[in-house]
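Line by line, the protein sequences are chains A and B.
Residues 78 to 407 (the working numbering) make up the first sequence, in order.
Residues 11 to 219 (the working numbering) make up the second sequence, in order.
Even for Gly, the Cβ is constructed at its ideal location relative to N, Cα and C.
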Amino acid sequence: MKKLINAVDAVEEQMILGLVKSAPDKLRKLECGNVVVRAKKKSDDKVALVSGGGSGHEPAHGGFVGEGMLDCAVAGAVFTSPTPDKIFEGIKAVATEQGVLCIVKNYTGDVLNFEMAIDMAGDEDIKVDHVVVNDDVAVQDSLYTTGRRGVAGTILVHKIAGAKAETGATLEEIKAVAEKVIANVRTMGMAISPCTVPAAGKPGFELADDEIEIGIGIHGEPGTHRDKIASADEIAKTLLDKILADIDYKGREVVVMVNGMGATPLMELYIINNFVQDYLKTAGVKVYDTMVGNYMTSIEMAGFSLTLLRLDDELKELYDAPADTPALKR
Amino acid sequence: MDTKKILAIIEAIAKRIEAEKNFLTELDNEIGDGDHGINLARGFKAVDEKLPTFADKDIGAILKGVGTALVSTVGGASGPLYGTAFMKAGNVCKGKMEITEADFVAALDAAINGVKMRGKAVEGEKTMLDALCPAYKAIKVGIDGGKNLIDALADGVDAAAKGVEYTKTIIATKGRASYLKERSLGHQDPGATSSLYMLQTTLEVLRST
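Right, here's the structure in full:
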């Protein structure tokens, strides 16, 4: 394992400290652990937003703390949900009289730990609610599975719910708009090379030189199936077709996110975007805005995910609202 | 079973999990995200460090302390699940410096129900419940039929080991392995495996003391 780290057990804390030091006037780390909050607490007339998850997804989620997006991000160990006590500390630190909305990705660990933290906050009379993001179309949504995973689409939930919170909307109203984003956002990802969790020291799966993994999540877990390597356009088409088949995008305006998994050069992401834009045009989907870059990564995995968010007037307005965070500014 | 034995069991479980850390992680690599051993070992290391502070506590408080330590250090799904299990077992043993066979059965039952409630899972979904539920049934049958705890627990360990084997034959419908669908076939569940280790270790300590 070759990594730019100092010690395996210092990875998460040093990463969070480094993030905070990159924006010292805007971010602060709580003493109790790897919890990032805004340097200036939101006023009591607005709802605060809390998210989090395992480390290794940078810039998610700490990079999205700031005006117009999150109030707090709680980082767990690499690819491991943070524990309820740390999430609870985060909730307490940013809670306002209007309450707190937690944005949780649909992974069993994240959901369980956030639910326990929300129980703890409820016991202390903090008004708190949560939404669970499940945008990954690679996974069948049925009663017989844990349901779809929450992946890169989560960033758009941060953006739009964050903008709604800045307007002084109530907890119920913000939850409703977050649910609307969740209902309209779809993602699918793939990998051409795996990633190595520092504490494990070896890759989560192995791929031959001519193999790719389709339908990966964001934790280095194996995907839904393996394929032979194909051209960027063919792979992008496979992912897009699956997304377009899931909900009807025809004639609608969308936000497109071409998300790198960590080790994918921008060169390749742009090659993919070149195809995506043309293909969407042919499919009768209007692109309102495009994001290309690393938003929700899996350490040094090479690969990408595509996300489409179907817009209406409300979502468009909130998407366009200002945001000032280390990883996303508008 | 007195507090001294409980503490010895906890200490032995912590050692066992540390020893099996890499194997559990390898199992998780196959069908999950490859951190089960790492996370659980981190949790039981924290438990081990807390053990001296449990010395004069009752069994309920010890088990609750173990649960709290796991919840606050493990993360992932196994932290809340094992944490809840130990906390629920602790509730049953509240204030007791010694527990009977019937208490042991009731504590295991409470632990399993806690896992079912928190994980919204049932038997047959390729989870730790596939080791714990058959073990519980075998232990209860044994105790109700007049066996002593060691003999009943030995039956329970056998049932749990069969349960772990059974997880190889079923598709995961809960947890991260569920995303693999039929690709999860042929692999044993890491959570069921760590549950088996805990039961085995409990039996070993009871036999040797």
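| Asked | Found |
| --- | --- |
| Segments assigned beta strand (DSSP E), at least 3 residues, entirely inside the segment 155-186 of chain B | none |
| Three CB pairs or more closer than 8 Å across the segment 169-179 of chain B and the segment 28-38 of chain B | no |
| Between the CA atoms of residue 320(A) and residue 352(A) - distance to the nearest angstrom | 15 Å |
| Spatial distance of residue 151(B) from residue 162(B) (CA atoms) | 8 Å |
| Proximal chain A residues relative to residue 87(B), where beta-carbon distance stays under 7 Å | 185, 186, 189 |
| Bridge partner(s) assigned by DSSP for residue 182(A) | 210(A) |
| Inter-residue spacing [alpha-carbon to alpha-carbon] between residue 20(B) and residue 212(B) | 8 Å |
| Residue 262(A) vs residue 239(A) beta-carbon contact at 8 Å | no |
| Members of the segment 180-200 of chain B near chain A, C-beta cut-off 8 Å | 183, 184, 185, 186, 188, 189, 190, 191, 193 |
| Cβ shell of residue 350(A) (< 8 Å), same chain only, five flanking positions each side left out | 333, 335, 367, 369 |
| Per DSSP, cross-strand counterpart(s) of residue 378(A) | 339(A) |
| Amino acids of chain B, ordered along the chain, whose beta-carbon sits closer than 8 Å to that of residue 297(A) | 43, 44 |
| Closer than 8 Å to chain B by CB, residue 216(A) | yes |
| Residue closest to residue 62(B), alpha-carbon to alpha-carbon, out of 118(B), 122(B), 13(B) | 13(B) |
| Per-residue DSSP class, three states only, for residue 161(A) | helix |
| Identity of the residues DSSP links to residue 152(A) by a beta bridge | 130(A) |
| C-beta neighbour in chain A for residue 101(B), strict 8 Å | no |
| Contact under 8 Å by Cβ, residue 237(A) with residue 379(A) | no |
| 7 Å Cβ cut-off: residues of chain A touching residue 39(B) | 281 |
| The segment 268-282 of chain A in contact with the segment 184-202 of chain A per 3-pair CB rule at 8 Å | no |
| Beta carbon of residue 88(B) nearer than 8 Å to that of residue 201(B) | yes |
| Residue 315(A), enclosing alpha helix (DSSP H) - first and last residue | 309-323 |
| Listed by chain order, chain A residues near residue 49(B) by CB distance under 8 Å | 154, 157 |
| For residue 280(A), the three-state DSSP class (helix, strand or coil) | strand |
| Collapsed DSSP secondary structure at residue 59(A) in the structure displayed | Summary: the structure shown does not reach residue 59(A), with chain A confined to residues 78 through 407, and so no result is reported for it. |
| Three-state secondary structure (DSSP) of residue 140(B) | helix |
| Chain B contact for residue 161(A) (CB, 8 Å cutoff) | yes |
| Residue range of the unbroken alpha helix (DSSP H) whose run includes residue 266(A) | Residue 266(A) -> not in any alpha helix (DSSP H); beta strand (DSSP E) instead, spanning 262-270. |
| First through last residue of the alpha helix (DSSP H) which encompasses residue 326(A) | From DSSP, residue 326(A) is part of no alpha helix (DSSP H); its letter is neither H nor E. |
| Contact residues within the segment 70-84 of chain B, judged by C-beta distance below 8 Å to chain A | 81, 82, 83, 84 |
| Paired residues, beta bridge with residue 370(A) - DSSP | 336(A) |
| Strand pairing of residue 27(B), partner residues [DSSP] | Per DSSP, none; premise fails for residue 27(B). |
| Inter-residue spacing [alpha-carbon to alpha-carbon] between residue 10(B) and residue 162(A) | Residue 10(B) is absent from the model: chain B starts at 11 and stops at 219. |
| For residue 279(A) and residue 150(A), the rounded distance between their alpha carbons | 28 Å |
| Chain-ordered neighbours of residue 35(B) on chain A, where CB pairs are closer than 8 Å | 277 |
| CB contact flag (residue 141(B), residue 188(B), <8 Å) | no |
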